[in-house]
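Each number in my numbering comes from the position in the sequence shown (counting from 1) with 841 added on. So the structure is just underneath, and the comments pick up after that.
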Amino acid sequence: MNNSYAIISTGGKQYRVRSGQVINTELMHIEKGKDVELGDVLLISDGEEMIIGNPRVDGAKVVATCLEEGKARKIIVFRYKNKVRSRRKTGHRQPYTRLLIKEIVKPGGEVSTRPPNPGPLPEVITNGS
Numbered sequence: 842m843n844n845s846y847a848i849i850s851t852g853g854k855q856y857r858v859r860s861g862q863v864i865n866t867e868l869m870h871i872e873k874g875k876d877v878e879l880g881d882v883l884l885i886s887d888g889e890e891m892i893i894g895n896p897r898v899d900g901a902k903v904v905a906t907c908l909e910e911g912k913a914r915k916i917i918v919f920r921y922k923n924k925v926r927s928r929r930k931t932g933h934r935q936p937y938t939r940l941l942i943k944e945i946v947k948p949g950g951e952v953s954t955r956p957p958n959p960g961p962l963p964e965v966i967t968n969g970s
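Structure representation (structure tokens):
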């Protein structure tokens, strides 16, 4: 089994990703099916060697494919002030981009991929949504 993973930064958040994993990131305005290179790689590990960036690993990238763009579940925001009949109810749906991680490229150009999984779809990681 391949134990390689990378820690990337996108949209002000950090994600621990593996090849074949599906993640939800902040909205990136990418067409469905297009590839995107995520260059803010903070750490790469392949099980034996760990490369830690300062703050980034130069020459490393993570290649991902956009699966879809959508909105998360609605969050209700209700503000209430006691004894003054003040109430305010609003909702919010956070937009996201769902990415499939294809490969992790080390600084030397070495590619770390995982063979396709014939089983069900990979897990989806959400940050509070």
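Ideal Cβ positions, reconstructed from N, Cα and C, are used throughout, including at glycine. Fair warning: this is a prediction, and the values are worked out from it, not measured in the lab.
Short of 7 Å from the beta carbon of Arg929, and not among the five residues preceding or following it, lie these beta carbons of its own chain, in chain order: Arg920. When DSSP reads this structure, Leu879 sits in a beta bridge with Val903. A check of alpha carbon separations from Lys912 across Leu879, Val863, His933 identifies His933 as the nearest. The three-state secondary structure of Met891, taken from DSSP, is strand.
Residue pairing from DSSP leaves Leu868 without any beta-bridge partner. The DSSP-derived three-state label of Ser850 is strand.
Beyond the five residues adjoining it in sequence on each side, Leu868 comes within less than 7 Å, by CB distance, of Glu910, Pro936, Tyr937, Thr938 in the same chain, given in chain order. Taking a contact as a CB-CB distance under 8 Å, the pair Ala905 and Pro948 does not count as one, their CB atoms being some 18 Å apart. Taking the CA atoms as reference points, Val952 sits about 26 Å from His870.
Listed in chain order, the non-local C-beta contacts of Gly852 below 6 Å within the same chain comprise Thr866, Glu867, local neighbours out to five positions each way being set aside.
Non-local beta-carbon contacts of Ala847 in its own chain, meaning distances under 7 Å to residues more than five positions away in sequence, involve Val858, Val882, Leu884, Ile885, Val903, Ile945 in chain order.
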